[in-house]
Structures are given as C-alpha cells and as structure tokens.
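A.B. asks: Numbering (this note's numbering), first residue to last: 274 to 346.
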Ligand SMILES: [Zn+2]
C-alpha cells in the first residue's frame, strides 16, 4: 500500500531560497523544519490541502480494498 504521507514536496527557504524536501505528512502536521542556512521554517498546510489529499487517497485505497475483497469471494 502506498503511503501518500511519505510523498515529498519541495518548499523554498524564505531566506536563502534553497529548496527543502519535506513530506506531505510533515506539511499536514505543520511541523518546523530547518534549512541548511539555519533558518527554521514553519510548515503551513494552507486550507488543509495536504491533510485532505492524504485522507482522500487513504479513503480511495480503503474503497479499493473493499472492492477487491468482494471480487475475491
Ligand atoms: Zn535557508
């Protein structure tokens, strides 16, 4: 099963413009990440998009699982 929370997205450091790779889960949890320049960046899940994306995908997988169980009978 694919865990979409482990999918990574790139954000840019507001100070040095270095791109930092974070996971969708980190964005959904709005954790603090550190850039190589030492800047702390507070992740923001604007409009809960990351959280919603994770939930949507998880739901689709559950539906798929249900469907495949039915087929197996
Ligand atoms: Zn930086």
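Even glycine gets a Cβ: it sits at the ideal position worked out from N, Cα and C.
Near ligand 1, which residues have their beta-carbon less than 5 Å from any of its heavy atoms, given in chain order?
C.D. replies: 286, 288, 289, 291, 308, 310 and 312
A.B. asks: On the criterion of 16 or more Cβ atoms from any shown chain inside 10 Å, does residue 292 qualify as buried, or is it exposed?
C.D. replies: exposed
A.B. asks: Would you please state the rounded distance, in angstroms, between the beta carbons of residue 296 and residue 280? I believe it to be under 8 Å.
C.D. replies: 7 Å
A.B. asks: Hey, does residue 344 have any beta-carbon neighbour from chain C nearer than 8 Å?
C.D. replies: Although the question refers to chain C, the structure presented lacks it and comprises just one protein chain.
A.B. asks: Nearest to residue 330 by CA position, among 298, 290 and 306, is which residue?
C.D. replies: 298
A.B. asks: Note down, in chain order, each residue of its chain lying with its Cβ closer than 8 Å to the Cβ of residue 349, except the 5 sequence neighbours on either side.
C.D. replies: Residue 349 lies beyond the residue range present for the chain, which begins at 274 and ends at 346; the question has no answer from this structure.
A.B. asks: Looking only at DSSP bridge pairs, what is residue 322 linked to?
C.D. replies: Partner(s): none; residue 322 has no beta bridge.
A.B. asks: Going along the chain, which residues of its own chain have a beta-carbon closer than 7 Å to the beta-carbon of residue 324, five neighbours each way excluded?
C.D. replies: 301 and 318
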